[in-house]
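What follows is a short report on a single structure.
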Amino acid sequence: MAHQKLKLVITAGGTREYLDPVRFISNASSGQMGYALARAALRAGHTVTLITAPTALKPPQGANRVSVRTSDQMFHAVKEAFSDCDVLIMVAAVSDYKPAQTSPVKLKKQKSELTLHLVPTRDILAWAGRHKQSFQRLVGFALEDRDLFANAEEKLRKKRLDMIVANTPEAIGVGASVLHVKTPDGNWQTLKHAAKSRQAAALIAMIEQLV
Ligand code: CTP
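My numbering numbers the first residue of the sequence shown as 714 and each following residue consecutively.
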């Protein structure tokens with residue numbers, strides 16, 4: 714049976730938190746999983762807004778693409794798109810901290826040590842969890858190098874998610890991965906090692922069942 718067409722907001726890539734105009738703190742996220750999900754969703758006939766931090770990837774044809782760099786910009790873009798969407802899939806590796814200050818001019822090197830003062834960023838998914846309406850579904854990702862199931866379940870609960878997708882650091886920057894998926898009432902399901910394009914198609918089919 715053909716499924717209802719959904720409005721999806723998908724975030725992808727690793728945010729950049731700027732120290733000055735040319736230097737930033739970021740992470741190794743390549744954006745592949747988020748882009749693969751956008752492609753799979755478009756192929757399934759859904760509408761996709763792809764809110765993306767910088768990546769080296771080709772934009773999926775047919776997605777409404779919003780380019781951002783920082784976690785603050787990603788938050789504002791998500792906020793703008795959220796009220797109107799059926800599902801928010803937060804695949805982006807959002808930095809948990811940002812510099813307390815960003816210098817408007819390039820920092821000069823000094824002889825002395827340099828200490829960075831970092832402050833927490835806003836948790837976009839937790840914000841969405843607090844603001845979601847009854848028709849909306851939230852999907853989060855968890856990257857865990859230990860106690861994967863326990864840590865991911867805590868994120869599912871604390872951020873009020875409808876689905877959590879957990880993986881390990883081996884998934885970063887490569888084309889294939891193993892995924893573990895859980896909904897609040899279901900058991901853990903494992904999607905065995907496969908290309909991210911294939912994992913993405915399976916996830917979109919599972920997400921359709923949430924709605
Ligand atoms: N996320 C977010 N906003 C942030 C940080 C993370 O929306 N500021 C989202 C990510 O897109 C992902 C999920 O939250 O869907 C990851 O949860 P998080 O608690 O950030 O995981 P970690 O950063 O790995 O946390 P920890 O270091 O505690 O394991």
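Backbone N, C-alpha and C define an ideal beta-carbon position, used for all residues, glycine too.
Sequence-distant Cβ neighbours of A806 in its own chain, meaning closer than 6 Å and more than five residues away, are G727, N740 and S742. With a threshold of 16 other beta carbon atoms within 10 Å, G744 meets it and is buried. Proximity to V818 across K909, D733 and F854 peaks at D733, based on C-alpha coordinates.
Secondary structure of N900 (DSSP, three-state): coil. In the DSSP assignment, H789 falls within the alpha helix (DSSP H) that extends over S784 to F795. If only uninterrupted beta strand (DSSP E) runs of at least 3 residues are considered, those enclosed by the region 737-791 are 760-765 and 777-780. Unbroken beta strand (DSSP E) runs of no fewer than 3 residues, entirely contained in the region 818-886, are found at 831-833, 850-856 and 876-880, following chain order. Here DSSP, grouped into helix, strand and coil, assigns K718 to coil.
Non-local beta-carbon contacts of L838 in its own chain, meaning distances under 6 Å to residues more than five positions away in sequence, involve M803, G853 and K872 in chain order. In this chain, A813 is not harboured by any beta strand (DSSP E), its DSSP state being neither H nor E.
Close CB contacts of I917 within its chain, under the 7 Å cut and outside five residues either way in sequence, are with L750, A753, A754 and A757 (chain order). For A889, there is no enclosing alpha helix (DSSP H); the residue is found in the beta strand (DSSP E) stretching over A889 to K895. If you compare the alpha carbons of S890, R736 and S847 with that of T815, the shortest gap goes to R736.
Look at K895: its beta carbon is at least 8 Å from all of the heavy atoms in ligand 1.
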